[in-house]
Amino acid sequence: MSAIGLYVAGTGPLHRVSAGPKLLGLLVVGVALVAAADPWVSLGALVASLLAYPLVGLHPRRALGVLRALWPFLLAIGAFQALFGAWEEGLRLCAQLASLVLLANAVTLTTRVREMLDLFERLARPLRHVGVNPDRVALVLALTVRSIPMVASAWRAAREGYRARGLSGRPHLLVVPVIVQLLRMADATGEALVARGIDEDTRVRVD
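The sequence shown maps to residues 36 to 242 in our numbering.
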């Protein structure tokens, strides 16, 4: 099972909280981190995010799995800021990104997709008055959540191919295979949706 973005059954405190408060809390924390714009606050938030995993009943290896998937992107962001900006800014951006991804992953690990879909659908109901189908909006948001493990899977496949070819010291060579794999997954998802008649005016559920 992937350490990123898949529901894990459990009885921890975060499992017992409904999807609405969890997503609202994630939004509030994200806004607060961006508003603070302080590298040490962001670094503290990163440490707190890591410590939160065992406290809410999630194994620490799931947090480490997130960081393993993120480190090339964090390295690129940090290096760019160090070369063309300030290292403090690079530290802040990397810590913010890692913290928010860790927290978002904790939410998805402790929330069923059906529960999220129901929440998105309820929030989108007022849009019926302007001609928007809430079921379609909920489906798009649910598929967005589902894309998290897809990205992780594409990254693992590219990294395994990278190692099998004996390549080292050139992580930029992973970029193209990851993009190609994601495009293939997106194409397969599109075909599956069409095959199930998503274009028809029917109610859609994603489990």
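Heads up, the beta-carbon is just placed ideally off N, CA and C, and yes, glycines get one too.
In terms of Cβ geometry, Leu132 and Ser84 do not form a close pair [threshold 8 Å].
Taking the Cβ atoms as the reference, Tyr88 lies roughly 7 Å from Ala141, within the contact range of under 8 Å.
A residue is called buried once 16 or more other Cβ atoms fall within 10 Å of its Cβ, and Ser53, having fewer, is exposed. Here the stretch 148 to 158 lies against the stretch 167 to 176, with 3 or more beta-carbon pairs under 8 Å apart. Around Val66, the same chain offers no residue with a beta carbon nearer than 7 Å, after the five sequence neighbours per side are excluded.
Shown here, Tyr42 sits in coil according to DSSP, grouped into three states, outside any helix or strand. Counting the other CB atoms within 10 Å of its CB gives Ala98 a total of 16 or more, which places it among the buried residues. Between Thr145 and Gly45, the C-beta gap is smaller than 8 Å, which places the two residues in contact.
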